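In the numbering used here, the protein residues as written are 16 to 144.
This report refers to the structure that appears directly beneath it.
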């Protein structure tokens, strides 16, 4: 007998820890093989350099973001999709004057992240320390 698949529904509010501005969806907790963040960053903010053992895909919905990914520095805005390969050090900074909104998709049911020693430069890019 084939087992029926259960559809689950949750809200971004339920996925946003108190005091955070980012919702975190861990696929394994919801029967999904992918995970994601809905990231809301104020101007001048964003995650420092880190890496994952799988690819991460960013869909920029609002704002202007400067990515550092490996040796590349690139800007992305609304409608842009940025794919960072596995094991690539990356981070981003909202370099605009308005809040940034993105969906950051992790190609894994459980997120794994290695934070790397780095510092944000004046232009919003990063360097490893």
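Glycine included, C-beta positions come from ideal geometry on N, C-alpha and C.
This structure is a prediction, so every number in the text was calculated from the model and none was measured.
Pair within 8 Å by beta-carbon distance, residue i and residue j
i           : j           : result
residue 72  : residue 96  : yes
residue 74  : residue 109 : no
residue 23  : residue 45  : yes
residue 116 : residue 55  : yes
Residues near residue i by beta carbon distance below 8 Å, same chain, minus five either side
i           : result
residue 143 : 64, 104, 131, 132 and 133
residue 30  : 38, 39, 40 and 53
residue 128 : 65, 66 and 67
residue 21  : 46
residue 69  : 101, 121, 122, 123 and 127
Rounded Cβ spacing between residue i and residue j (contact assumed at less than 8 Å)
i          : j           : result
residue 50 : residue 121 : 4 Å
residue 76 : residue 118 : 7 Å
Straight-line gap, residue i to residue j (C-alpha atoms, nearest Å)
i           : j           : result
residue 114 : residue 107 : 13 Å
residue 48  : residue 28  : 21 Å
residue 83  : residue 140 : 6 Å
residue 138 : residue 86  : 15 Å
residue 16  : residue 125 : With a pLDDT of only 48 at residue 16, under 50, the local geometry of the prediction cannot be trusted, and no value is derived from it.
residue 111 : residue 94  : 15 Å
residue 58  : residue 32  : 21 Å
residue 101 : residue 60  : 23 Å
residue 78  : residue 92  : 6 Å
Residues bridged to residue i (per DSSP)
i          : result
residue 66 : 129
residue 48 : Answer is none; residue 48 lacks a bridge partner.
residue 38 : 53
Nonlocal neighbours in the same chain, by C-beta distance under 7 Å from residue i, ignoring five residues either side
i          : result
residue 34 : none
residue 99 : 70, 71, 84 and 105
residue 43 : 124 and 125
Minimum Cβ-Cβ distance from residue i to chain C less than 8 Å
i          : result
residue 49 : The chain labelled as chain C is not found in the depicted structure, where only one protein chain is given.
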